[in-house]
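Colleague:
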Amino acid sequence: MKTTISLIKADIGSIGGHTKPHERLLEACKNRLEEEKGKTLIDYYVTNCGDDIELIMTHTKGVDSKDVHTIAWDAFKEGTKIAKDLGLYGAGQDLLSDAFSGNVRGMGPGIAEMEIEERPAEVFVAFMADKTDSSAFNLPLYEMFANPFNTAGLVLDPKIHDGFKFEVQDVKGHKSITLNTPEESYDLLALIGLTDIYAVKRVYRKSGEIAAVASTEKLSFIAGKYVGKDDPGMIVRAQSGYPATGEVLDPFARPFYIAGWMRGSHRGPLMPVGEKDAIPTRFDGPPRIIALAFSMKNGILVGPVDAFADVGFDKAREKANEMADIMRRHGPFQPHLLPPGELEYATISEVLKKLEPRMKKM
Ligand code: 13P
Ligand code: 13P
Ligand code: MG
Ligand code: MG
912 MKTTISLIKA DIGSIGGHTK PHERLLEACK NRLEEEKGKT LIDYYVTNCG DDIELIMTHT
972 KGVDSKDVHT IAWDAFKEGT KIAKDLGLYG AGQDLLSDAF SGNVRGMGPG IAEMEIEERP
1032 AEVFVAFMAD KTDSSAFNLP LYEMFANPFN TAGLVLDPKI HDGFKFEVQD VKGHKSITLN
1092 TPEESYDLLA LIGLTDIYAV KRVYRKSGEI AAVASTEKLS FIAGKYVGKD DPGMIVRAQS
1152 GYPATGEVLD PFARPFYIAG WMRGSHRGPL MPVGEKDAIP TRFDGPPRII ALAFSMKNGI
1212 LVGPVDAFAD VGFDKAREKA NEMADIMRRH GPFQPHLLPP GELEYATISE VLKKLEPRMK
1272 KM
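What the sequence shown shows, in our numbering, is residues 912 to 1273, in sequence order.
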């Protein structure tokens, strides 16, 4: 039996700014999914990271299933109605069109789906981030699957010693390329270090099985203007034939700077937190990430373990707060402010346009 894991996420409104959804929105989503449990869905888990709601669903319908996408869309629509009634901020923020025709791709929600042949003890980690975009996963995915200083298994474990394949998307040019590691590690880094252009979409074992998939939908490209950051999710398989769960989590113990934060226009550290701490309020951040580790048998989910709730990540949070202070010191200056290429859809373009007629030739 092949099992599909679908992570579909959207910001449909939040309390007091871009902080977190109201409990009733989460309930509405859970109720919709509960109705489908044992029918279209095998199992599900609903959570949120900041103001984004994530639906983690298991089923046998394959990726891009009209039935599953319709369930997700309906759940978000139902939640949006409540968000509007409550006057929540950004109600329906990520549902960019009403012309739904069975697939949420290009409609606003982010999607990460994989169809797998379950191992006897299947393990995967669902990552969900707020106040950033999918290229925030480039660095940690490289570390998980290609950096032996992070992943001891690349050296020690014959099952992963061959390395992995990375499918990289040019999110602006709508092109993609697949590169092998360790053979083409430097070529891969030449691309994915350019986080404003390239994002890792999938990682595969050399033998072909999928190892990871991330949502790479660009909200600003779909909407043609800034409507909130993409706030990505990803699914990463772990253990036996893949990096261990601890190897998958460890890149986040060393916080790094990513694009997003306030108005989607700033660089800031990505802070790993437990589910209950995924409430970004300081300057609408600092950007957050949660990690839920699941076991799965015949599509039935066991867990999750709220991985970043581990006190082992306390130091990372402290560090991220220090890194946030360093960036905040720059106020409206780069490098806190993102470069123009990453701000092209932000409201600053309107401010700059107003000044254009007053520019004198030199
Ligand atoms: P508004 O207050 O106009 O929504 O802009 C700030 C913001 O939150 C951007 O998403
Ligand atoms: P979200 O993308 O999480 O809605 O945040 C919008 C924003 O502008 C925060 O400052
Ligand atoms: Mg929001
Ligand atoms: Mg968000």
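Note that beta-carbon positions come from the ideal geometry of N, C-alpha and C, so glycine has one too.
Bear in mind that the values here come from a model prediction, so they are computed numbers and not experimental data.
Once the 5 residues before and after residue 1150 are set aside, which same chain residues still bring their CB inside 7 Å of it?
Modeller: Correct list, in chain order: 1034, 1156.
Colleague: Using a threshold of 7 Å, is the CB atom of residue 1042 nearer than that to any non-hydrogen atom of ligand 2?
Modeller: Correct: residue 1042 has its Cβ closer than 7 Å to ligand 2.
Colleague: What do you reckon, are the CB atoms on residue 940 and residue 918 nearer than 8 Å?
Modeller: No, the pair does not count as a contact, with Cβ atoms beyond the cut-off.
Colleague: Within the chosen definition, does the segment 1095-1115 reach the segment 969-983 through at least 3 CB pairs nearer than 8 Å?
Modeller: As far as the Cβ criterion goes, the segment 1095-1115 does not touch the segment 969-983, which means the pair count is below three.
Colleague: Say yes only if the C-beta of residue 1176 is nearer than 7 Å to one or more non-hydrogen atoms of ligand 3, and no if none qualify.
Modeller: Outside the cutoff, so no.
Colleague: Taking C-beta to C-beta, are residue 1002 and residue 994 nearer than 8 Å?
Modeller: Yes, these two residues count as a Cβ contact at 8 Å.
Colleague: For ligand 3, list every residue whose C-beta falls under 6 Å from any of its heavy atoms, going in chain order.
Modeller: That query returns the following residues: 922, 925, 929, 962, 1001, 1004, 1139.
Colleague: Return the Cβ separation of residue 1160 and residue 956 in integer angstroms, given the expectation that the two are a contact with Cβ distance under 8 Å.
Modeller: The Cβ separation is near 18 Å, so there is no contact.
Colleague: Which residue spans inside the segment 987-1074 form an unbroken beta strand (DSSP E) run of at least 3?
Modeller: As far as the segment 987-1074 is concerned, its whole beta strand (DSSP E) runs of at least 3 residues are 1021-1028, 1033-1041.
Colleague: My guess is that residue 1183 and residue 1191 are in contact by the Cβ rule of under 8 Å, so how many angstroms apart are they, rounded?
Modeller: With a Cβ gap of about 13 Å, residue 1183 and residue 1191 do not count as contacting.
Colleague: Does the Cβ of residue 1166 have 16 or more other Cβ atoms within 10 Å, making it buried, or fewer, making it exposed?
Modeller: The residue in question, residue 1166, is buried, as its Cβ has 16 or more Cβ neighbours within 10 Å.
Colleague: Please return the same chain residues whose Cβ sits closer than 6 Å to the Cβ of residue 1057, not counting the five positions on each side in sequence.
Modeller: Once the five neighbours on either side are set aside, the close Cβ partners of residue 1057 are 1092, 1096.
Colleague: Identify whether residue 1103 lies in helix, strand or coil by the three-state DSSP scheme.
Modeller: It is helical.
Colleague: Should the segment 1061-1075 be regarded as contacting the segment 1132-1145, the criterion being three or more beta carbon pairs within less than 8 Å?
Modeller: Segments in contact, no.
Colleague: Would you mind giving the Cβ-Cβ distance between residue 1061 and residue 1215, rounded to the nearest angstrom? I have them listed as a contact below 8 Å.
Modeller: With 8 Å as the limit, residue 1061 and residue 1215 do not qualify as a contact, their Cβ atoms being about 22 Å apart.
Colleague: DSSP puts residue 1212 in a beta bridge; with which residues?
Modeller: Answer by DSSP bridge pairing, in chain order: 1207.
Colleague: Nearest to residue 931 by alpha carbon, out of 1199, 1209, 1266?
Modeller: Answer by Cα proximity: 1199.
Colleague: Using a Cβ-Cβ cut-off of 7 Å (strictly less than) and excluding sequence neighbours within five positions of residue 1230, which residues of its own chain qualify?
Modeller: So the list reads 1166, once near-sequence residues are dropped.
Colleague: Across which residues does DSSP place residue 952 in a beta bridge pair?
Modeller: 948, per the DSSP bridge assignment.
Colleague: Measuring CB to CB, does residue 1048 end up less than 8 Å from residue 1111?
Modeller: Yes, the pair counts as a contact, with Cβ atoms nearer than the cut-off.
Colleague: Can you check which of these residues, 1054, 1025, 1218, is closest to residue 1154 by C-alpha distance?
Modeller: Considering only alpha carbons, the answer is 1054.
Colleague: State buried or exposed for residue 1244, treating a residue as buried only when at least 16 other CB atoms are found within 10 Å of its CB.
Modeller: The residue in question, residue 1244, is exposed, as its Cβ has fewer than 16 Cβ neighbours within 10 Å.
Colleague: Going by beta-carbon coordinates alone, are residue 1045 and residue 991 separated by less than 8 Å?
Modeller: Their beta carbons are not under 8 Å apart, which means residue 1045 does not touch residue 991 by this criterion.
Colleague: Going by alpha carbons, who is nearest to residue 1186 out of 1180, 1174, 1217?
Modeller: Cα-wise, what sits closest to residue 1186 is 1217.
Colleague: Are residue 1282 and residue 1147 close, meaning C-beta to C-beta below 8 Å?
Modeller: Not covered by the structure: residue 1282. The range shown for the chain is 912 to 1273.
Colleague: With 16 other CB atoms within 10 Å as the buried threshold, where does residue 970 fall?
Modeller: Residue 970 is buried by the Cβ-count criterion.
Colleague: Quick one: is the Cβ of residue 1173 within less than 7 Å of any heavy atom of ligand 2?
Modeller: Yes, the Cβ of residue 1173 comes within 7 Å of a heavy atom of ligand 2.
Colleague: Where residue 1032 and residue 916 are concerned, what is the direct C-alpha to C-alpha distance, given to the nearest angstrom?
Modeller: Using only the alpha carbons, I get a separation of about 15 Å.
Colleague: Where does residue 1173 land, buried or exposed, given buried means 16+ other C-beta within 10 angstroms?
Modeller: Answer is buried; the Cβ neighbour count reaches 16.
Colleague: Under the rule that 16 or more other beta-carbon atoms within 10 Å means buried, what is residue 953, buried or exposed?
Modeller: With 16 or more Cβ atoms within 10 Å of its Cβ, residue 953 is classed as buried.
Colleague: Given that a residue counts as buried once 16 or more other Cβ atoms are within 10 Å of its Cβ, and exposed if not, what is residue 1241?
Modeller: By the neighbour-count rule (16 or more Cβ atoms within 10 Å), residue 1241 is not buried but exposed.
Colleague: Measure the alpha-carbon distance for residue 1175 versus residue 1081 and round it to whole angstroms.
Modeller: So the two alpha carbons sit approximately 20 Å from each other.
Colleague: Identify the continuous alpha helix (DSSP H) that holds residue 1229 and give its terminal residues.
Modeller: Looking at the DSSP string, the run of the alpha helix (DSSP H) that includes residue 1229 is 1225-1239.
Colleague: Which residues bound the beta strand (DSSP E) around residue 1124?
Modeller: 1121-1125 is the span of the beta strand (DSSP E), which, as asked, contains residue 1124.
Colleague: Is the beta carbon of residue 1040 closer than 8 Å to that of residue 1181?
Modeller: Yes, they are a contact pair.
Colleague: Alpha carbon to alpha carbon, how far is residue 1254 from residue 1260?
Modeller: Residue 1254 and residue 1260: Cα-Cα distance of roughly 8 Å.
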